[in-house]
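Reading through the structure tokens given below for one structure.
Numbering (the UniProt record's numbering), first residue to last: 1 to 88.
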């Protein structure tokens, strides 16, 4: 079995990091722009806490999702770093 070189391991680490970052940015964009702006009229059919759901996403939901994504990023990066032997 052939051992991975340092360059291959570094490339795999950055590919995983970039894949994670792009995935989380897509989720953030979909929630903030999609739910808060594009789908606002559709989501306003329902309410959350007395406010129309589209308005709630634009004002509160996107911020909550962003905070959750920060924790997801930290958790996922810890796993990626452990997998690729990166020490913090």
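Don't be surprised by glycine CBs; every beta carbon is placed ideally from N, CA and C.
Work out the CA separation of residue j and residue i for me, nearest whole Å.
| i | j | result |
| --- | --- | --- |
| residue 43 | residue 81 | 39 Å |
| residue 55 | residue 36 | 7 Å |
| residue 21 | residue 39 | 24 Å |
| residue 24 | residue 18 | 10 Å |
| residue 57 | residue 78 | 29 Å |
| residue 75 | residue 34 | 25 Å |
| residue 83 | residue 52 | 43 Å |
| residue 9 | residue 15 | 10 Å |
| residue 64 | residue 70 | 10 Å |
| residue 73 | residue 47 | 30 Å |
| residue 13 | residue 66 | 24 Å |
| residue 50 | residue 26 | 29 Å |
Name the residue from the options whose alpha carbon lies nearest to the alpha carbon of residue i.
| i | options | result |
| --- | --- | --- |
| residue 31 | 59, 50, 75 and 6 | 59 |
| residue 68 | 17, 9 and 28 | 28 |
Is it right to say residue i is buried, meaning 16 or more other beta carbons lie within 10 angstroms of its own, or is it exposed?
| i | result |
| --- | --- |
| residue 7 | exposed |
| residue 61 | buried |
Quick check on residue i: does DSSP put it in helix, strand or coil?
| i | result |
| --- | --- |
| residue 6 | helix |
Alpha helix (DSSP H) segments (min. 4 residues) lying fully within the UniProt domain "Sodium symporter small subunit" (11-86) | 40-43, 53-56 and 62-84
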